[in-house]
Structure formats: C-alpha cells, structure tokens
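Here is the structure we will look at.
Protein chains: 2
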Amino acid sequence: MASGSQRGLQFEPVQPVRAYQRIVEQIEEALARGDLAPGQRLPSERDLVSQFAVSRSTVREALRVLESNGVVRSRPGDPNGPEILPFSPGPLRKQMTRLARVDELTLSELIAFRMIMDGAAIQLASRLRTPEQLAEMEQTLVEMRAAIDVDFTAFSEADVAFHEAVARVSRNSLIQTCNEVVRGVVLGLISDKIAHAANSRALMLESLQHHAEVVEAIRAGDGHAAARIARQNLYDYYASYVPAPDRDPLRALIED
Amino acid sequence: MASGSQRGLQFEPVQPVRAYQRIVEQIEEALARGDLAPGQRLPSERDLVSQFAVSRSTVREALRVLESNGVVRSRPGDPNGPEILPFSPGPLRKQMTRLARVDELTLSELIAFRMIMDGAAIQLASRLRTPEQLAEMEQTLVEMRAAIDVDFTAFSEADVAFHEAVARVSRNSLIQTCNEVVRGVVLGLISDKIAHAANSRALMLESLQHHAEVVEAIRAGDGHAAARIARQNLYDYYASYVPAPDRDPLRALIED
DNA sequence: CCCATCAACTGGTCGGACCAGTGGACTAGG
DNA sequence: CCTAGTCCACTGGTCCGACCAGTTGATGGG
Numbered sequence: 001m002a003s004g005s006q007r008g009l010q011f012e013p014v015q016p017v018r019a020y021q022r023i024v025e026q027i028e029e030a031l032a033r034g035d036l037a038p039g040q041r042l043p044s045e046r047d048l049v050s051q052f053a054v055s056r057s058t059v060r061e062a063l064r065v066l067e068s069n070g071v072v073r074s075r076p077g078d079p080n081g082p083e084i085l086p087f088s089p090g091p092l093r094k095q096m097t098r099l100a101r102v103d104e105l106t107l108s109e110l111i112a113f114r115m116i117m118d119g120a121a122i123q124l125a126s127r128l129r130t131p132e133q134l135a136e137m138e139q140t141l142v143e144m145r146a147a148i149d150v151d152f153t154a155f156s157e158a159d160v161a162f163h164e165a166v167a168r169v170s171r172n173s174l175i176q177t178c179n180e181v182v183r184g185v186v187l188g189l190i191s192d193k194i195a196h197a198a199n200s201r202a203l204m205l206e207s208l209q210h211h212a213e214v215v216e217a218i219r220a221g222d223g224h225a226a227a228r229i230a231r232q233n234l235y236d237y238y239a240s241y242v243p244a245p246d247r248d249p250l251r252a253l254i255e256d
Numbered sequence: 001m002a003s004g005s006q007r008g009l010q011f012e013p014v015q016p017v018r019a020y021q022r023i024v025e026q027i028e029e030a031l032a033r034g035d036l037a038p039g040q041r042l043p044s045e046r047d048l049v050s051q052f053a054v055s056r057s058t059v060r061e062a063l064r065v066l067e068s069n070g071v072v073r074s075r076p077g078d079p080n081g082p083e084i085l086p087f088s089p090g091p092l093r094k095q096m097t098r099l100a101r102v103d104e105l106t107l108s109e110l111i112a113f114r115m116i117m118d119g120a121a122i123q124l125a126s127r128l129r130t131p132e133q134l135a136e137m138e139q140t141l142v143e144m145r146a147a148i149d150v151d152f153t154a155f156s157e158a159d160v161a162f163h164e165a166v167a168r169v170s171r172n173s174l175i176q177t178c179n180e181v182v183r184g185v186v187l188g189l190i191s192d193k194i195a196h197a198a199n200s201r202a203l204m205l206e207s208l209q210h211h212a213e214v215v216e217a218i219r220a221g222d223g224h225a226a227a228r229i230a231r232q233n234l235y236d237y238y239a240s241y242v243p244a245p246d247r248d249p250l251r252a253l254i255e256d
C-alpha cells in the first residue's frame with residue numbers, strides 16, 4: 001500500500017515539553033533504573049536548582065507533581081531533603097475513585113462491578129485460604145452479629161471488615177483496591193438512603209445469614225457456590241436502589 | 001466499652017495542609033459537585049491568584065498537580081484559560097504501571113484481574129448483545145484471522161479490537177476502562193517476550209480458535225460457558241510467563 | 001554527662017519581572 | 001459587503017530575590 005510505505009516518515013503532533021516535566025522524567029528514570037530507591041533522599045530544592053540549572057519555581061513544580069504521584073514527600077525544615085517513598089497504592093486509589101465518580105457511571109454499573117469483584121475475591125479465597133484465615137473470617141461474622149444490636153453504622157463497619165478480610169485472602173492487591181474504592185463510592189451514593197430504610201434490622205439479619213452461608217461454602221472449598229451466594233447477597237442488598245430497567249445486567253451475573 | 005465512649009474525642013494526627021493543596025481540593029470538589037464540568041474553562045492563573053488570594057507560584061503548583069492527574073490542561077497563550085478535561089484512563093494506567101514495575105503488583109495478579117474482568121464482560125455481553133453487536137464481534141474475528149498472516153502486532157491489535165467490542169457490549173464503562181488499563185499494563189510488561197516466542201503462529205491459531213468458541217457461546221446465550229472459555233484462553237495465553245507457584249490462583253478462576 | 005540555646009539550614013509562600021506565544025479585534029484591501 | 005492581514009492585550013512558562021516558620025544538629029553552659 002502507498003500509505004503503508006509512508007508510515008516511516010509519518011509525523012507526530014508535537015506539544016511543548018515543559019522544563020518541570022523533564023525534571024520529573026529524569027527523576028522517574030533514575031528511580032526506574034534503580035539509581036534512586038525508596039528511603040533515599042533527594043538533594044534540597046536549592047541544590048536541585050543548580051543541578052538542573054533551572055529556577056526554584058520549576059524545581060518545585062516538578063516536586064509537587066512527584067509528590068502528588070506518591071513518589072516523594074517533602075517536609076519543611078528537613079535537612080536531608082525530600083524523601084523517596086516506597087510505592088503505595090494510594091495514588092492508584094485516587095485515580096480509581098476519580099474514575100468511579102465520573103457522572104456517566106450508573107449505580108447499576110458500580111454494583112455490577114462490586115458483584116464481579118467480590119465474587120471473584122471469594123472464589124479465590126475459598127481456594128487459597130488457610131485455616132487461620134478462615135477463623136478470621138468467622139470472627140468478623142461474630143462481630144457482625146454483635147453489631148446488629150448496636151447500630152447500623154456499626155454493622156456496616158463489621159461488614160466492611162468481612163469483605164476486607166476476604167480480599168486479603170485473595171492475595172490480589174488489585175482486587176483489594178478495586179473493591180475498596182468501589183465500595184466507598186457506592187456507600188457515598190446511597191448510605192443516606194440505607195440509613196433511612198424502615199426494616200433495617202430485618203435487612204441486617206438477612207445479610208448476616210447470607211454471609212454465614214458464604215463462609216460455609218468457603219470452608220467447604222466450593223468457590224463457585226460461595227461466589228454465587230455473595231453476588232446474590234449484593235443483589236438483594238442493593239437492587240431496590242437501582243432503577244428497574246438497569247437490573248437486568250445484575251441478574252445476568254447471578255444466573256449461571 | 002470504655003474506649004468506645006472516648007471515640008468522640010479521639011485526636012487525629014495533624015500534618016500541615018499546604019495552600020496549593022487546598023486549591024486542588026476546592027477545584028476537585030467543584031468538579032465532584034458538578035459546578036465544573038469537562039470542556040469548561042478555569043479562570044486564568046492571574047485571575048485565580050486574586051480569587052484564591054495566594055501568589056501565582058501557589059496557583060501554578062496546584063495547576064501542575066491537577067494537570068499531572070489528568071484533570072486540566074494548560075496551553076500557553078490560550079485566552080480562555082486552562083481546560084477541564086474529560087476523564088482519561090491515562091493517569092490510571094501510569095499508576096498501575098508504576099506499581100507493576102516494582103513488583104508491588106505481580107504479573108499473576110494482573111492476569112487474574114484480566115481473567116475476572118474479561119470473563120465478566122463476556123458473561124454480560126452474552127446476555128445483553130444485540131444481533132448487530134454480535135455481527136460486529138464476528139467481524140473482528142475475521143480481522144484476527146487475516147492478521148495472522150501479517151504480523152504478530154497486527155494480530156495483537158485485532159485481538160484488542162475484539163475485547164474492546166465485547167467490553168462495549170457489556171455496557172459498563174467501569175469494566176471497559178479497567179480492562180483497557182490492565183491489558184495495556186500487561187502488554188507493556190511482556191510484549192517483548194511474546195514477540196520472541198518461537199511458535200507464535202501456532203499460538204495465534206489457537207487463540208483465534210478460542211475466540212471463535214467464545215463468540216459461539218455468546219451467540220447461544222450461554223454466558224457461563226463463554227466466560228469459562230475466555231478465562232481458559234487467557235490462562236493458556238499467559239500462563240507460561242507466570243512463575244509456576246503463582247499459577248494456582250489463576251487455575252482457581254477456571255475450575256467451576 | 002545532660003540539657004537549653006542558637007544558628008544554619010529546610011521547605012512554603014510571596015511579589016515582581018521578562019519572554020514567546022495565542023487569539024480576537026481591528027483595519028485595509030478586495 | 002466580505003476577506004485577509006496586522007496588531008496588541010493577554011496567556012502561560014520561567015526566572016529572580018526575598019521573607020517566614022519550622023527542624024536539626026552543633027554549641028556551650030549547667
């Protein structure tokens with residue numbers, strides 16, 4: 001093809017590379033190469049000024065970007081200079097929260113995502129769990145039961161603890177983070193509605209029952225059943241807040 | 001509980017909140033509230049200086065952070081001021097890549113995530129697809145077959161097109177984006193290894209065969225089978241790059 | 001030997017300055 | 001009337017110098 005032969009000298013749109021960006025790149029490269037490791041310190045801003053041969057404003061803009069990406073942390077007065085941080089999922093979480101908060105995202109989509117993630121985590125957990133971890137999960141069940149007589153928020157916290165325990169067992173930090181983020185966003189959207197629910201005690205009891213069944217299936221090592229029950233539980237718990245026409249995809253995730 | 005009664009006056013560790021951070025927060029809040037929407041413009045830096053009552057350096061540091069998070073874009077000379085950007089998966093992918101590069105995220109975890117997401121997308125697609133969308137998927141299969149005789153990268157591109165078509169049908173943009181991001185990260189990690197694989201043609205043929213089976217299951221409306229085949233395909237495709245002890249959780253996602 | 005003092009740094013913020021661009025208004029030419 | 005060219009107010013990018021509050025480690029007195 002004629003156009004194919006020209007691919008070699010195709011031009012790319014050129015956007016100006018700003019000075020602070022090249023500083024960020026240099027530091028990130030040094031980090032990728034291993035010349036810079038977590039725990040080490042960067043030279044002070046004024047030293048960086050002379051090393052990079054730019055003004056302090058430029059150095060500071062680069063540092064602010066690195067800081068917001070979780071790469072370094074600056075503390076005023078620290079004579080050792082900015083610290084290289086170990087990698088943390090914090091910024092990833094921030095980005096995912098942003099993604100989940102974009103208004104084009106339906107409550108239905110969020111809950112579908114939770115059903116998928118939570119189901120997968122439980123499926124993995126029923127295969128990978130140790131006896132101690134199983135005991136840990138059962139302990140969170142006890143706490144949930146106790147929380148029913150206290151408060152809805154207490155129950156909600158215990159519920160979160162259960163799901164976090166499961167996510168830990170899945171040994172997949174991506175699942176863990178996604179679950180955490182989506183749960184937070186969903187709760188932010190409808191926590192007020194749930195709190196005002198009339199028959200909350202009945203809901204809590206039913207939810208507890210479902211969770212117990214999940215743990216039972218995990219104990220038996222039946223990941224498939226455990227995941228199905230978990231998804232069903234999420235559906236029962238949230239479906240009433242989802243507009244009826246949007247419930248179809250959720251049901252598609254339950255039926256096998 | 002005694003400690004429980006004190007929870008009300010528990011103190012939290014306080015770290016200095018810098019001026020530029022509060023600017024970032026205010027703008028992000030306005031965006032979350034909907035007072036600011038993609039496509040709109042921010043006032044010029046000098047206007048922001050007077051609105052926030054801080055210096056231009058501070059405003060600029062805030063803008064640099066927002067810019068590195070993909071929230072705004074500044075162009076020199078633009079009289080309309082910085083532009084609010086629509087959400088882009090770019091920064092998300094950057095963070096995930098960063099984590100993957102330091103083994104904070106295992107290749108095994110990434111692939112497990114892909115198996116989960118892709119499986120779920122296909123399960124949803126087999127329920128929600130229209131006849132036109134089914135035809136669209138079959139079209140991508142044709143392109144994959146044609147690409148086998150061209151190039152591995154061409155095949156890879158066609159494969160991406162297939163998965164994107166499926167993700168679209170799932171009508172869940174969260175799944176869509178997550179899939180896209182993780183796929184990009186995985187490819188960045190092992191694309192070079194795959195390219196050097198000896199029997200790449202055999203692999204491509206096998207992969208095509210699997211994809212065809214998936215489409216067949218989608219046509220039949222058997223979401224469960226379709227998802228299982230898809231996960232199996234991903235496992236066969238990537239397992240050899242995963243350290244043997246890490247393959248156990250992946251297999252847990254295939255067995256039902 | 002311990003502890004209070006102090007001075008040399010640190011990062012955070014400010015204000016002003018200059019530059020190379022952009023884009024809209026304005027004007028001369030059709 | 002419309003078009004094409006010029007021009008200028010304003011944009012963001014960068015630099016400079018200054019001040020402040022805070023930390024830290026050395027210093028010196030008990």
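Protein sequence lines correspond, in order, to chains A and B.
Throughout the first sequence, residue numbering follows this note's numbering, covering 1 to 256 in sequence.
Throughout the second sequence, residue numbering follows this note's numbering, covering 1 to 256 in sequence.
Positions of the beta carbon are idealized from the N, C-alpha and C atoms, including for glycine.
Put residue i into one of helix, strand or coil per three-state DSSP.
i, result
"B:ARG259", "There is no way to answer for residue 259 of chain B, as the model of chain B reaches only from 1 to 256."
"A:ILE254", "helix"
"A:ARG145", "helix"
"B:VAL71", "coil"
"A:ARG18", "coil"
"A:ARG219", "helix"
"B:ARG247", "helix"
"A:GLU258", "Given that chain A is displayed from residue 1 to residue 256, the structure contains no residue 258 of chain A and the question cannot be resolved."
"B:ARG41", "strand"
"A:THR91", "Residue identity check: residue 91 of chain A is Pro in the sequence provided, not Thr. A:PRO91 falls in the helix class under three-state DSSP."
"B:ASN179", "helix"
"A:VAL160", "helix"
"A:SER240", "helix"
"A:LEU208", "helix"
"B:LEU63", "helix"
"B:ASP78", "coil"
"A:SER200", "helix"
"A:ASN172", "coil"
"B:THR140", "helix"
"B:ALA154", "helix"
"B:THR58", "helix"
By the criterion of Cβ-Cβ separation under 9 Å, what are the contact partners of residue i in chain A?
i, result
"B:PHE155", "Here the premise fails: no neighbours, minimum Cβ distance about 17 Å."
"B:ILE175", "GLU109, ALA112, PHE113, ILE116"
Just checking my contact of residue i with residue j at CB under 8 Å: how many whole Å lie between their CB atoms?
i, j, result
"A:TYR241", "A:ILE190", "5 Å"
"B:ARG231", "B:MET115", "4 Å"
"A:GLU59", "A:ILE84", "Sequence check: residue 59 of chain A is Val here, not Glu. Actually they are not in contact, since the Cβ atoms of A:VAL59 and A:ILE84 sit about 16 Å apart, beyond 8 Å."
"B:VAL166", "B:ALA125", "5 Å"
"B:GLY81", "B:PRO43", "5 Å"
"A:VAL160", "A:ARG183", "7 Å"
"B:ALA239", "B:GLY119", "With 8 Å as the limit, B:ALA239 and B:GLY119 do not qualify as a contact, their Cβ atoms being about 16 Å apart."
"A:THR106", "A:ASP246", "6 Å"
"A:ALA100", "A:VAL181", "6 Å"
"B:ALA30", "B:VAL54", "No, B:ALA30 and B:VAL54 are not in contact; Cβ-Cβ is about 17 Å, not under 8 Å."
Applying a beta-carbon distance threshold of less than 7 Å, which residues of chain B neighbour residue i?
i, result
"A:GLN26", "Within 7 Å Cβ-Cβ: nothing; A:GLN26 doesn't reach chain B, min ~15 Å."
"A:GLY223", "ALA252"
"A:ARG231", "Here the premise fails: no neighbours, minimum Cβ distance about 10 Å."
"A:ASN69", "SER68"
"A:LEU105", "SER173, LEU174"
Going along chain A, which residues have a C-beta under 7 Å from residue i?
i, result
"B:MET96", "LEU92"
"B:VAL102", "PHE87"
Starting from residue i, find everything on chain B with Cβ-Cβ shorter than 8 Å and list it in chain order.
i, result
"A:GLU306", "The displayed coordinates of chain A run from 1 to 256. Any statement about residue 306 of chain A would go beyond what the structure contains."
Check the Cβ of residue i against every Cβ in chain B and list those closer than 9 Å, keeping chain order.
i, result
"A:ASP149", "Going along chain B, no residue has its Cβ under 9 Å from A:ASP149, so there is no contact; the nearest lies around 14 Å."
"A:PRO249", "LEU124, ARG127, LEU128, SER170, ARG171, ASN172"
"A:LEU208", "Within chain B, no residue comes near A:LEU208; the closest Cβ sits about 21 Å away, beyond 9 Å."
"A:LEU141", "Going along chain B, no residue has its Cβ under 9 Å from A:LEU141, so there is no contact; the nearest lies around 20 Å."
Given that residue i touches chain A, what residues does it touch there, using C-beta distances under 8 Å?
i, result
"B:GLN123", "ALA252, LEU253"
"B:TYR269", "The requested residue 269 of chain B does not occur in the structure, where chain B is confined to residues 1 to 256."
"B:SER57", "SER57, ARG60"
Are at least three pairs of beta-carbons, each pair with one atom in the segment 117 to 137 of chain A and one in the segment 208 to 215 of chain B, less than 8 Å apart? Contact between the segment 117 to 137 of chain A and the segment 208 to 215 of chain B is absent: fewer than three C-beta pairs spanning the two stretches fall below 8 Å.
Is the segment 141 to 148 of chain B close to the segment 72 to 86 of chain B, with three or more CB pairs under 8 Å? Touching, no, given that fewer than three Cβ pairs across the two stretches are closer than 8 Å.
Any 3 or more C-beta pairs closer than 8 Å across the segment 52 to 68 of chain B and the segment 75 to 95 of chain A: No contact exists between the segment 52 to 68 of chain B and the segment 75 to 95 of chain A.
Three CB pairs or more closer than 8 Å across the segment 149 to 158 of chain A and the segment 217 to 229 of chain A: The segment 149 to 158 of chain A, when compared against the segment 217 to 229 of chain A, does not touch it at the 8 Å Cβ threshold.
Specify whether the segment 104 to 114 of chain A and the segment 166 to 173 of chain B touch according to this definition: at least 3 beta carbon pairs, one from each stretch, less than 8 Å apart. Yes, since at least three Cβ pairs between the segment 104 to 114 of chain A and the segment 166 to 173 of chain B fall closer than 8 Å, the two stretches touch.
Can you list, in chain order, the residues of the segment 32 to 55 of chain B whose Cβ is nearer than 8 Å to any Cβ on chain A? Of all residues in the segment 32 to 55 of chain B, those with a C-beta nearer than 8 Å to a C-beta of chain A are ALA32, GLY34, reading in chain order.
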